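Step one of this worksheet: look at the structure below.
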Amino acid sequence: MFANYIKIAWKVLLRNPFYTFITLFGISLTLTVIMVLTSFIDHMIGSNYPEVNRSRSLYISFLARRDSVNTGMMRGPMTFQFLSDHVKTLKSAEKVSIFSFFSSSNAYAGSKKINLQIKYTDSEFWEIMKFDFLEGKPYSDAEIRGSQHVAVITHTLKQQYFQDKDEAAIGKTIEIEGIGYRVIGVVKGSPVTRIYTAADVYFPYTAPKSGYDQKGLNGRFVAVAMSADKQSLKAMNDEFQARISQIPPDVDGRKFTSLEVPSQTFTDIFLSTVSQMGPNGKTIFYAAVAFILLMILGLPAVNLVNVNVSRIFDRASEIAVRKAFGAPVNTLLWQFLVENIFITLIGSGIALLLTFGIISWVNASDWIAHLDLTVNLNVFLISMLVTLFFGLLSGVLPAYRMSRLKVTDALKA
Amino acid sequence: MIRLQQVEKVYRTSTIETLALNNINIQIEKGEFVSVMGPSGCGKSTLLNLMGLLDEPSAGDITIDGTSVRNYSDKALARLRNQKLGFIFQSFHLINDLSVLDNVEIPLLYRSGSNAERRRLAKDALEKVGLSNRMNHFPTQLSGGQKQRVAIARAIVGRPEIILADEPTGNLDSVMGNEILDILQKLNQDGTTIVMVTHDESMAKRTHRLIRLFDGTQVL
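Heads up: the protein sequence lines correspond to chains A and B, in order.
Under the working numbering, think of the first position of the first sequence as 15, with each following residue one higher.
Under the working numbering, think of the first position of the second sequence as -8, with each following residue one higher.
Now the structure itself:
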């Protein structure tokens, strides 16, 4: 029976090429928008290169203190010392890395100025963040402790900085702000959209100007604590928050009455802007998202509904025959839904090809450095779910109208 | 087998009410070949639609094998049509997008059975109407007579007890029309009950019994 439905759906598509073009154009354009958007969202919050352990990591990115009347607030990254004392020592964490957010600097290749983003990290950074080393290796604890002037650079910087692009960069010196650093590793870069890993040069935290020996609470470092698995995240969070609750807000003599150091999953950080909006803000945000989705999905679906409904009479004879020979209303309803989903699936196939084309173009365009949009399993599954939803949304009403057609009227048509 | 008691059919619109059938009492016995005649618009097709459970009477009762279908659900009516009835239409109503074999298979899609079994039964039915060499053709590639033979194969593939034919020869020339009637007669001789609407007296003469309608009323 299923093959019969598909056969009919295929023939209906071939019957009127212009209608088919309009239908598939609408479906594939809509689904392309959804797929590219999904790919962007996955790029932003998924566990992607080099942050492949995001799903089992907690990000500790700021410390906030407030006074009793909420007029004074201090909020920002922390000192290396603070994170060493309170995060590095977590018993429930498998690994903890302390590193700085990226900061800007310059280097000169001959007379050409290169704008750089630099980052100071510990050695565990390279164990949690799975960079591809194209050359060499990361710096070790011994090199960090010895305050050696070593650096890991991205492949892009290597190409910009060194004359001979094909020759190995390992052992060569890169001069940044008047200090020479020996290149010990070359990695495939992380896109700037992944702010915890993006940089052009990575230095040991003991490198000059890192500020790792700063005292107090607020500094320039953040931490990522990785648990053994996703299930252990809560225990790790609880342990960390228990420790934080022990720290007096006025520990450094300043008149603060509350101290907060959130330990969040990456998705929580991504959504924290929303969570800070308050109940009304959240409602408005989710309503806006729902409205945009409805516009993207709903309008083409309504259009498809109209096209389908107006074509019911093309198929009146078929509906009448099927009913006369024993097809119950539900079976017909199902048939037309299957047909619509089949057409939508063809549209999604085209959309998939278009999406591959668009994201390849965006990735190659240098619009965002090291951008690596992909259609991975998550993106594919979400897109299929949306496709199915779209197929049902645009198919239910026409199918219902078709299945309700009176046989005697349909036979006269 | 089929019994209509005091059946009435009224078509209503917001401005007009048309009495299509009035006080119809008909009994069709098992194995009969009955023709229904009358001028255009006298209610022949309406009568056939009611017998085929494709429409509901405005009043009166229809029984199939002694059971009233008055309170049957859409699903139950569909099952009854699928099991007991076969239809042949004047304008064939074949699905042009499907091959001859796929068209013939349609009634079997709404029953249990394997794909292979459906194919076998459809081929058997096409063989009975002499079209086994055209099973992979499409309706648009066939002549009028061939199309009606496909329609007959579709009507008999599920081995229904009753065939309802609405002017099956109406769109065919006399030679083709006679061929179609030969096939129907053969089916009737094999035990199938047939009710046929026709305009053609010569065709009606070849049936067992004639029901004549005039202005929605049974006159014979």
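In this text, a Cβ means the ideal position worked out from N, Cα and C, and glycines have one as well.
Quantities reported herein were computed from a predicted structural model and do not represent experimental measurements.
Span of the alpha helix (DSSP H) around A:M250: L247 to S259
Indicate, with yes or no, if the ligand MG has a heavy atom lying under 7 Å from the CB of A:E253. Questions concerning the ligand MG fall outside what the structure shown contains, since it holds no ligand whatsoever.
Is the CB-CB distance between B:E(-1) and B:G51 below 8 Å? yes
Alpha helix (DSSP H) runs contained entirely in the stretch 126 to 151 of chain A, provided each spans 4 or more residues: 139 to 142
Keeping to the same chain, check which residues put their C-beta closer than 8 Å to that of A:I184; ignore five residues upstream and five downstream. E149, G150, V197, I198, G199 and V200
Just grab the DSSP bridge partners of B:R200 for me. B:V25
C-alpha gap between A:D282 and A:I48, whole angstroms: 23 Å
Could you run through the stretch 332 to 344 of chain A and flag, in chain order, every residue whose CB is less than 8 Å away from some CB of chain E? Absent here is chain E; the protein component of the structure consists of chains A and B.
Contacts around B:Q(-4), its chain only, beta-carbon distance under 7 Å, and the 5 residues preceding and following it disregarded: N16, G51 and D52
For A:F350, which three-state DSSP category applies? helix
Measure from the alpha carbon of B:R110 to the alpha carbon of each residue in B:S103, B:V1 and B:D93, then state which is nearest. B:D93
DSSP three-state assignment for B:M167, whether helix, strand or coil: helix
In whole angstroms, give me the CA-to-CA distance for B:I171 and B:L163. 9 Å
Beta-carbon separation of B:G29 and B:F205 under 8 Å? yes
What ranges does the beta strand (DSSP E) occupy inside the stretch 78 to 129 of chain A, keeping only unbroken runs of at least 3 residues that lie completely in it? 87 to 90, 109 to 114 and 117 to 123
With a CB to CB cut of under 7 Å and the five nearest residues on each side skipped, what residues in its chain are close to B:L201? S26, M28, A195 and L211
Which residues, taken in chain order from the stretch 61 to 73 of chain B, show a beta carbon closer than 7 Å to some beta carbon of chain A? D65, K66, A69, R70, R72 and N73
Using only alpha-carbon positions, find the residue among A:A23, A:G267, A:E274 and A:V400 that is nearest to A:Q260. A:E274
Could you compute how far the alpha carbon of A:Y63 sits from the alpha carbon of A:N377? 14 Å
In chain order, what residues of the same chain lie with their CB nearer than 6 Å to the CB of A:L247, ignoring the 5 residues before and after it? S241
Does A:I355 pass the burial test, meaning 16 or more other C-beta atoms within 10 Å, or should it be called exposed? buried
According to DSSP, what are the bridge partners of B:M187? B:S26 and B:A156
Could you check whether B:K119 and B:F83 sit closer than 8 Å to each other, using their CB atoms as the reference points? no
Euclidean distance between Cα positions of A:S118 and A:A256: 35 Å
Three-state secondary structure (DSSP) at A:E189? strand
Can you give the Cα-Cα distance for B:L122 and B:L10, rounded to whole angstroms? 42 Å
Sorted by chain position, which residues of the same chain lie with C-beta nearer than 6 Å to A:A182's C-beta, five sequence neighbours on each side aside? E149
So A:L45 and A:S362 are in contact, right, with Cβ under 8 Å, and what is the actual spacing, rounded? 5 Å
Please state whether DSSP places A:Y153 in a helix, a strand or coil. coil
Can you pull the chain A residues whose beta carbon is under 9 Å from the beta carbon of B:Y101, in chain order? M15, R336, F339, G340, A341, P342 and T345
Measuring only between beta-carbons, confirm whether B:I86 sits less than 8 Å from chain A. yes
CA-CA distance, A:V215 and A:A17? 58 Å
For the structure I just gave you, are there three or more beta carbon pairs, one from the stretch 73 to 89 of chain B and one from the stretch 24 to 34 of chain A, closer than 8 Å? yes
If you follow the beta strand (DSSP E) that A:Y216 is part of, which residue opens it and which one closes it? V215 to P218
Hey, B:I153 and B:K75 are a contact pair by Cβ (cut 8 Å); roughly how many whole angstroms apart? 6 Å
Three-state secondary structure (DSSP) of B:Q139: helix
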